[in-house]
Amino acid sequence: MTPIIQTVTEGQTYWWCACGKSANQPFCDGSHTGTAIEPRPWQATRTGKVAFCTCKRTATPPLCDGTHTQLAKE
Numbered sequence: 002m003t004p005i006i007q008t009v010t011e012g013q014t015y016w017w018c019a020c021g022k023s024a025n026q027p028f029c030d031g032s033h034t035g036t037a038i039e040p041r042p043w044q045a046t047r048t049g050k051v052a053f054c055t056c057k058r059t060a061t062p063p064l065c066d067g068t069h070t071q072l073a074k075e
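If you want my numbering, it's the 1-based position in the sequence shown plus 1.
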């Protein structure tokens, strides 16, 4: 899995999908309903492009930290 690059707007809150079930990755579409996993809010501190994690194992959610490159080697 690779990160999804999105353009974000300063001050806007984005709801990152933490369960991996959303059809609207990297954002929540409510597919987590009935699970113990909740989406994670994230507010953009500047306007520009960011890399959202899709492997869901980042240490810096919701942003990609490169963990997916190690998962491919396991």
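Don't be surprised by glycine CBs; every beta carbon is placed ideally from N, CA and C.
These figures come from a predicted structure and were not determined experimentally.
I'd like the span of the alpha helix (DSSP H) that includes residue i, first residue to last.
i     : result
Thr70 : 68 to 72
Buried or exposed: where does residue i fall if 16 or more other Cβ atoms within 10 Å of its Cβ makes it buried?
i     : result
Thr59 : buried
Pro42 : exposed
Ala19 : buried
Thr48 : exposed
Going by the CB atoms, is the gap between residue j and residue i shorter than 8 Å?
i     : j     : result
Cys56 : Pro63 : no
Our contact map puts residue i next to residue j with C-beta atoms below 8 Å; I'd like the distance itself, whole angstroms only.
i     : j     : result
Ala24 : Ser32 : 7 Å
Lys50 : Thr8  : 5 Å
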